[in-house]
Amino acid sequence: MSSLELSGMDLGQLRQQMLEWQQPAYRAGQLYGWIYKSLVADYSAMHNLPAGLRAQLAASASWPLLQVVETLDAADGSSTKALLRAADGQTIETVILRYPERNTVCISSQVGCALGCVLCATGQAGFIRDLSAGEMVAQVLYAARALRQEGRQLTNVVLMGMGEPLLNYEAACQALNIIMDPAGLGMGARRITLSTAGVVPGIRRLAEDNLGIKLAISLHAPNDTLRAQLIPLNRKYPLASVIAAVHEFISKTSRRVTFEYVMVDGINDSPALAYETAELLRGLFCHVNLIGLYPTERSAWRGSSDEAILDFQAVLLEARIPTTIRVRRGEEITGGCGQLRFRELSDDDD
Ligand code: SAH
Ligand code: SF4
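For the sequence shown, the numbering used here assigns the number -1 to the initial residue and increments by one for each residue that follows.
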């Protein structure tokens, strides 16, 4: 089986590979151009590479690395969810989100997730394995290619799909460095957001490494008792430690941090909790994003009413905390990340 992952190799590593294959180093630049500028999905299209090299590539590196199993388009065309299959047969989800002024891809960082958040389909299904850097970049390339075919350009990347990116730190950073490389896709760091459930050592490391990317924290509750019920990781890293790490991130990077608050009907959407959230975040250079829960198959919880979300927002705005409401997209294409794969697994079980 072919084992090289071209999309996980930076230009220097590709040069090294060319030298190992007794090819001139400039072939790496040509290959890089085909991958990241021309976005080709087939070795045969790389016509300035000698046939021998193309054959060698085909024998040693699957291309593209991930195969499309299924895509689902939202009825209004605003989003596409793709189920992609890795070489070992594992499947992951990647979502394309089209907005008037930008086109975003939401990528997965792991197959499944070990953190078991109650509201999340991925968490409910457990952890299988980390994704490689190549598999993360391959999701970005898939989206860039699909959008280009529509005459659109990929502008933003969010690590908000399946998995916890800060528990797969090295691979996530390698992937980010590749997609930011100006010689390749050249994605601007400001157009990349990483979301975490609150892995404190990872947040500190990200602050230290200062890649320039944006950070989002899944908050979902303003106190430890409730948050631990929603995000079990809170027992290991309580809110005070998360907030301290966020302070460090802001002071090292000067970047505004986003707090995501998934609103669950009757669980975390009361005005009292809105006041508590305002208190918790007072004085932080941040922004809050309120998101109605997408129902999952294994939980009876429902998203909050529009009224509850608006009331919650009003309290935060009153406290001068910038707060937006994320418009739900693609709900009819099986909602949040992890749910398409989950559905497929359930179908297999039948
Ligand atoms: N593991 C990371 C990133 C992936 S989850 C994290 O937890 O932040 C990305 C976001 O989707 C998180 O804020 C998560 O809480 C949210 N999410 C998970 N399941 C959801 C659901 N059913 N409805 C709405 N948002 C959900
Ligand atoms: Fe994992 Fe994030 Fe889902 Fe929690 S919300 S289970 S951390 S993917």
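Beta carbons are placed, not taken as given, at the ideal position from N, Cα and C, and that holds for glycine.
(request) To the nearest angstrom, report how far apart Ala298 and Ile33 are at their CA atoms. (result) 44 angstroms
(request) Would you tell me roughly how many angstroms separate the C-alpha atoms of Gly27 and Leu9, rounded to the nearest one? (result) 7 angstroms
(request) Taking Gly121 as the reference, give the member of Glu305, Glu295, Glu133 with the closest Cα. (result) Nearest of Glu305, Glu295, Glu133 to Gly121, Cα basis: Glu295.
(request) Kindly list the residues whose CB is nearer than 7 angstroms to the CB of Ala195, restricted to its own chain and excluding five residues on each side of it in sequence; keep chain order. (result) These residues qualify, in order along the chain: Leu113, Cys115, Glu162, Ser216, Ile229, Leu231.
(request) Determine, using beta-carbon pairs with one atom in the stretch 308 to 318 and one in the stretch 138 to 154, whether at least three such pairs fall under 8 angstroms. (result) no
(request) Would you kindly work out how many angstroms separate the C-alpha atoms of Met178 and Gly31, rounded to a whole number? (result) 14 angstroms
(message) Among the candidates Leu282, Val286, Cys171, Arg100, whose CA atom is the shortest distance from the CA of Ser107?
(response) Cys171
(request) Compute the minimum distance between the beta carbon of Met134 and the heavy atoms of the ligand SAH, and state whether it is under 7 angstroms. (result) no
(message) I'd like to check one pair, Ala59 with Leu4: are the Cβ atoms closer than 8 angstroms?
(response) yes
(request) Have a look at Ser130 and Pro293 and give me their C-alpha separation to the nearest angstrom. (result) 29 angstroms
(request) Tell me whether Ala72 sits in a helix, a strand or coil according to DSSP, three-state version. (result) coil
(message) Which same chain residues end up closer than 8 angstroms to Met261 when comparing Cβ atoms and leaving out the 5 residues on each side of it in sequence?
(response) Excluding positions up to five away in sequence, the list reads Asp267, Leu288, Ile289, Gly290, Leu291, Gly301, Ser302, Ala306, Ile307, Phe310.
(message) For Met44 and Glu258, I'd like the C-alpha separation in whole angstroms.
(response) Roughly 42 angstroms separates the two Cα atoms.
(request) Let me know if Met16 comes out buried or exposed under the rule of 16 or more other beta-carbons within 10 Å of its beta-carbon. (result) It is buried - the Cβ of Met16 has at least 16 other Cβ atoms within 10 Å.
(request) Starting from the N-terminal side, write out each stretch of the beta strand (DSSP E) that is 3 residues or longer and does not extend beyond the stretch 75 to 158. (result) 77 to 83, 89 to 96, 101 to 104, 108 to 110, 125 to 128, 154 to 157
(request) Measure the alpha-carbon distance for Asp71 versus Thr89 and round it to whole angstroms. (result) 18 angstroms
(request) With distances taken Cα to Cα, identify the nearest neighbour of Ala205 among Arg233, Tyr167, Tyr235, Leu183. (result) Tyr167
(message) Given a cut-off of 8 angstroms on the beta-carbon distance, is the pair Thr102 and Asn154 in contact?
(response) yes
(message) Just to confirm before moving on: does the CB-CB distance between Leu55 and Tyr41 stay below 8 angstroms?
(response) Yes, the pair counts as a contact, with Cβ atoms nearer than the cut-off.
(request) Kindly indicate which three-state DSSP category Ser60 falls into: helix, strand or coil? (result) coil
(request) Specify which residues have a beta carbon nearer than 5 angstroms to any heavy atom of the ligand SF4, listing them in chain order. (result) Cys111, Leu113, Cys115, Cys118, Thr120, Gly121, Glu162, Ala195
(message) Any heavy atom of the ligand SAH inside 7 angstroms of the beta-carbon of Glu258?
(response) The nearest non-hydrogen atom of the ligand SAH is less than 7 angstroms from the C-beta of Glu258.
(message) Our contact map puts Cys104 next to Val93 with C-beta atoms below 8 angstroms; I'd like the distance itself, whole angstroms only.
(response) 4 angstroms
(message) Taking 7 angstroms as the cut-off, is the beta-carbon of Gly200 closer than that to any non-hydrogen atom of the ligand SAH?
(response) no
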